[in-house]
Each structure stands twice: as structure tokens, then as C-alpha cells.
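By this note's numbering, the letter at position 117 of the sequence shown is numbered 133, and the numbering carries on one by one without gaps.
In this text, a Cβ means the ideal position worked out from N, Cα and C, and glycines have one as well.
Note that the coordinates shown come from a computational prediction; the quantities given were computed from them, not determined experimentally.
First up is the structure itself, then whatever we jot down about it.
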Amino acid sequence: MIKKIGRDSLPIFLSSVYEIEVASNPNPWTEDQIRLELDLPNSDLYCAFQSNKLVGFSIVRTYPPEAELLEIAVCKAFLNMGVGTLLINETLTSLKRIGIKTLHLEVRKNNQAAINLYRKFSFKEVGERKEYYKGPVE
């Protein structure tokens with residue numbers, strides 16, 4: 017199940033989101049960075065649950081008619097089980113409901129699993145930011 021988390025519920029899920037972030041990202045956001053981002057009125061958190069356990073999340077910032085997928089992560093134990101697909105699908109569906117026409121995102125060149133996921137949803141490469149990612153530089 018995918019659920020958009022309301023602002024009043026963010027503190028309940030913040031530590032779990034951070035744990036997934038640290039476990040899945042080579043250069044994770046800090047817990048404060050996540051909290052500060054989600055404090056913005058145009059940022060939203062979508063969470064994936066399996067048996068009432070948070071197993072993945074996405075963070076999106078909207079600038080109608082566009083939005084940016086800032087983060088998406090899934091617990092390692094739930095990789096390749098469709099959680100990322102469900103997160104992207106629900107995120108896109110929710111964004112379309114509020115008039116978002118374009119969703120931007122960035123991905124490491126060596127993150128083939130994410131690239132394959134985005135291609136399933138017909139995302140297209142529109143540019144490359146040289147040396148954007150650190151540790152390792154890409």
C-alpha cells in the first residue's frame with residue numbers, strides 16, 4: 017500500500033524514512049535535511065507499507081505544472097518486489113490529479129535498476145550534469 021503522508025504525521029515516519037535513506041543511498045540526506053525538505057509547503061512524502069511496516073518512500077517537490085522527484089528509496093529486503101514501481105505509479109497518479117504535467121528527476125549513470133524503473137514509466141533523458149554526484153564522482 018502507498019500512502020501520501022500528511023504534515024501532522026511526518027514526525028511519526030521521519031526516523032524510518034531516514035533509516036531507509038541511509039541504507040540505500042551512498043550519499044544519504046541527513047535526517048535534518050529530510051525534515052527541512054518536508055517542512056516546505058510544496059514538498060510531499062509518499063510511503064510504501066508492507067504489513068504495516070514502512071518499506072520505501074519518495075519525496076516530491078511541486079512547482080505546478082512541474083514537479084521534481086527528489087528522493088526514492090526502498091528497503092534492501094524489498095528490492096525487486098515492485099515497491100519502487102508502486103511508489104512511482106502512485107506518485108505520478110497523485111501529481112496528475114493536481115495538474116502536474118512534467119516530473120523531473122536525477123539518477124546516477126551507474127544506477128541501472130533505477131534507470132530501468134524510470135524507463136518503465138517512459139521517462140526520457142533530457143540532459144546530464146557532469147560531476148553532479150559525489151562519492152564516487154559521476
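Between the alpha carbons of residue i and residue j, how many angstroms are there, rounded?
| i | j | result |
| --- | --- | --- |
| residue 129 | residue 108 | 19 Å |
| residue 74 | residue 52 | 15 Å |
| residue 144 | residue 119 | 16 Å |
| residue 111 | residue 142 | 20 Å |
| residue 78 | residue 69 | 27 Å |
| residue 64 | residue 102 | 8 Å |
| residue 30 | residue 62 | 12 Å |
| residue 59 | residue 32 | 18 Å |
Could you pull out every residue in the same chain whose Cβ sits closer than 6 Å to the Cβ of residue i, ignoring the five residues on either side in sequence?
| i | result |
| --- | --- |
| residue 44 | 37 and 38 |
| residue 47 | 34 |
| residue 19 | 63 |
By Cβ distance below 7 Å, which residues in the same chain neighbour residue i in space, the five residues on each side in sequence not counted?
| i | result |
| --- | --- |
| residue 123 | 130, 131 and 134 |
In three-state DSSP terms, what is residue i?
| i | result |
| --- | --- |
| residue 50 | helix |
| residue 106 | helix |
| residue 35 | helix |
Going by DSSP, which residues form a beta bridge with residue i?
| i | result |
| --- | --- |
| residue 61 | 21 and 75 |
| residue 90 | 72 |
| residue 118 | 82 |
Report the CB separation of residue i from residue j in whole angstroms; it is logged as a contact under 8 Å.
| i | j | result |
| --- | --- | --- |
| residue 40 | residue 90 | 7 Å |
| residue 88 | residue 100 | 7 Å |
| residue 114 | residue 137 | Between residue 137 and residue 114 the Cβ distance is about 18 Å, and since that is not below 8 Å, they are no contact. |
Grab me the residues of residue i's own chain with a C-beta within less than 8 Å of its C-beta, minus the 5 sequence neighbours each way, in chain order.
| i | result |
| --- | --- |
| residue 93 | 71 |
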